[in-house]
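Counting in numbering that gives the first Met the number 0, the sequence shown runs from 0 upward without gaps. Just so it is clear, CB atoms sit at the ideal spot from N, CA and C, and this is done for glycine as well. This one's a predicted model, so the numbers in the text were calculated from it and none came from an experiment.
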Amino acid sequence: MSGSNLLNQDEIWDDAELIRMYEESMSGKKQEASQKQWKIGDTCMAPYEDLWYAAKILSINRANKTVKVRFTEYEEDAVTFDNEREITNNMMLSWYMSGYHTGYFQAMRDFKKNSKR
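See the structure below:
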């Protein structure tokens with residue numbers, strides 16, 4: 000790699016502000032998720048064999064943290080409340096990573112285009 004291809008301090012990607020904004024937005028989502036009071040008849044997304052499907056809540060057993068749902072196109076199944084936080088965290092992390100990698104790709108593409116000039 001030649002010295003002319005190195006990035007200077009102003010061209011280095013600093014995602015500290017992006018991470019701070021992500022953490023700030025996640026704190027609100029975590030709070031919203033924990034405050035949600037599910038009711039019988041609510042529509043939700045529920046896992047079945049490692050995939051997520053639309054479902055309607057048929058019954059709620061708060062003592063053992065299970066919900067009985069009817070999948071829109073499948074038979075009934077049970078899902079626990081325990082994984083709600085993990086689901087939200089994974090969703091927000093995937094949004095962050097998608098945006099990060101998109102930005103990184105665009106920056107590298109622009110850098111390569113500008114370095115050819």
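- The segment 12-28 makes no contact with the segment 45-62, as fewer than three CB pairs between them are under 8 Å.
- In the DSSP assignment, Lys-67 falls within the unbroken beta strand (DSSP E) covering 65-70.
- Within the same chain, and ignoring the five residues on either side of Tyr-95 in sequence, the residues whose Cβ sits closer than 6 Å to its Cβ are Tyr-21.
- The alpha-carbon of Thr-101 is positioned some 44 Å away from that of Ala-62.
- An exposed status is given to Ala-15, since fewer than 16 other beta-carbon atoms sit within 10 Å of its beta-carbon.
- In this chain, the beta strand (DSSP E) harbouring Ala-53 covers 50-60.
- Residue burial is scored here from C-beta neighbours: Ala-54 has at least 16 other C-beta atoms within 10 angstroms and is therefore classed as buried.
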